[in-house]
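Report on the following structure.
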Amino acid sequence: MKNIEQSEPAVIVQIGSPVESKLYVLAEASELLPVVRKITENAYERLSRLDERLDLMLLCDPRRTAIADEYEKIVRKWIASITRLGAIPNGLWRVDFDTGEGYLCWRFPELRIGFFRKYDSEFDDRKPVNLLIEETAPVWA
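For the sequence shown, our numbering begins at 7 and goes up steadily by one.
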C-alpha cells in the first residue's frame, strides 16, 4: 500500500460544456492525457468485446442490430467525454488539443503526446513535437 507522501499528485480535471474547446500548452495537454487515455482505453476494451461477439454471429443474426446500437452508444459516449474535457475527437481513438496555432495530436495507444499538426493539415500529416520545439520554439511548448 502506498503512503500518501509517495503517491503521485492528483490531476484535477475541469469538465466544460460539450461545445466548449480550450487552448492547451503541451504541459496541460500532457497532464490531461492520463484521463483521456483511461476514457479511451475503457471504450476501446468495451468495443473489442462487442467485436468478439459479432465475430461469432452470422450476418443474418437479428441480435447484431442491438450490438451495433451498443457499439454506437459507446463511441458517442467516448466522443462526449473527450469533448467535455475541452479536447477534440478527430476520428476513432484520435484526440486533438488546440494550441491556438494548430493541434497537439494523440492516438490510442500512444503513451504521450508526441505530435503536432497545423489547422489545415490532416491527422496523418502530423509532425513530431520535439522537432518543432527545437526548430521554432512555439509558445505552446
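The beta-carbon is built from N, C-alpha and C at its ideal position, and this holds for glycine as well.
Contact annotation, residue 110 with residue 32: C-beta distance approximately 6 Å; criterion of less than 8 Å satisfied. Spanning the alpha carbons of residue 28 and residue 36 requires a straight line of approximately 14 Å.
One thing to note: residue 119 has its Cβ within 9 Å of the Cβ of residue 135. For residue 60, the enclosing alpha helix (DSSP H) begins and ends at 32-61. The distance from the Cβ of residue 42 to that of residue 112 is about 7 Å, consistent with a contact at the 8 Å cut-off.
Judged by their CB atoms, residue 124 and residue 140 are not nearer to each other than the 9 Å cut-off. 101 is the residue among 143, 101, 62, 81 whose C-alpha sits nearest the C-alpha of residue 128. Between residue 104 and residue 88, the gap from beta carbon to beta carbon reaches 9 Å or more. For residue 100, the enclosing beta strand (DSSP E) stretches over residues 100-104.
Exclusion of the five residues before and after residue 60 leaves 70, 73 as the residues of its chain whose Cβ lies within less than 7 Å of its Cβ. In the structure shown, residue 109 adopts extended strand secondary structure according to DSSP, grouped into three states. When secondary structure is reduced to three states using DSSP, residue 132 falls in the coil class, being assigned neither helix nor strand. The Cβ atoms of residue 114 and residue 50 lie closer than 9 Å to each other.
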